[in-house]
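The next block holds one structure in the form of structure tokens; read it before the comments.
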Amino acid sequence: MVTELGWFYIGGMTLLFFFWAYGVVSFVLDLKNVIVPKTRQYIRGRKKLKRERKEEEEREERERQLY
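Its first residue numbered 1, the sequence shown is counted upward by one per residue in this note's numbering.
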């Protein structure tokens, strides 16, 4: 038979498990809704800047060839 201390231990561990599970779920949802979209946006921005820089260099090269 479980003693009173045992019941407190089981109850406490159950409560801690729910807080732990809530933390894991919150972390996964943050990854899905915040971290992943911001990472994709950052990568898109870097690609756009690289593409614009390349186009600018090509434009300058064409101008140099004209003169």
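Heads up, the beta-carbon is just placed ideally off N, CA and C, and yes, glycines get one too.
Bear in mind the structure is a predicted one, so any value in this text is a computation, not a measurement.
Spatial distance of ILE43 from THR14 (CA atoms): 42 Å
I need the DSSP call for MET1, collapsed to helix, strand or coil. coil
Distance, Cα to Cα, VAL24 vs GLU57? 47 Å
GLN41 to PHE27, Cα distance in whole Å? 20 Å
Can you give me the C-alpha to C-alpha distance between GLU52 and GLU61, rounded to a whole angstrom? 14 Å
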